[in-house]
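Okay, so here's the structure we're looking at.
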Amino acid sequence: MSFVFDFKGYVAMIFNESTNDGWVPSLWTLNAVLGNWSWTKEFNLDDSLNVIRVISFYLGDGLFFTRGAAGEYIFYDYKKKHVKTFLDQAPPAGNLTEYKETLVSLKGFEQLE
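Quick note on the UniProt record's numbering: the sequence shown kicks off at 1 and runs consecutively.
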């Protein structure tokens, strides 16, 4: 199971699903259908290279980001079923943050001292 993350504007998680061939990681999103919340399976992830552990972020355009067991950075493209691994040569940055614009106006708020 993964952390909760944003997938195309939906709350998402990776769950391991039992099949006849073993376990398959599947991406599920939380959706409201007729006022009721439910999990919807989007697709299975190809884990033939055994790198999908804990997905941290969906970066867009089919690209997921996670960290491997040895601290390496792993980028997984589910559309191309391609994995790219980068060694951890730089000091950790702390966080990967996605910025989204907002329609909320801060006009009229006062700064507190």
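Even for Gly, the Cβ is constructed at its ideal location relative to N, Cα and C.
First through last residue of the beta strand (DSSP E) which encompasses residue i
| i | result |
| --- | --- |
| Ala-12 | 10 to 19 |
| Phe-57 | 55 to 60 |
| Phe-64 | 63 to 67 |
Nearest-angstrom beta carbon gap, residue j and residue i [assumed within contact, 8 Å]
| i | j | result |
| --- | --- | --- |
| Ser-56 | Lys-41 | Not quite, the Cβ-Cβ distance comes to about 20 Å (not below 8 Å), so this is no contact. |
| Gly-62 | Tyr-73 | Not really, about 17 Å apart at Cβ, beyond 8 Å. |
| Leu-30 | Trp-39 | 6 Å |
| Trp-23 | Ala-12 | About 18 Å; that fails the 8 Å criterion. |
Three-way DSSP call (helix, strand, coil) for residue i in this model
| i | result |
| --- | --- |
| Tyr-73 | strand |
| Lys-41 | strand |
| Phe-7 | strand |
| Leu-27 | strand |
| Lys-84 | strand |
| Gly-35 | coil |
Residue j beta carbon less than 9 Å from that of residue i
| i | j | result |
| --- | --- | --- |
| Gly-68 | Thr-85 | yes |
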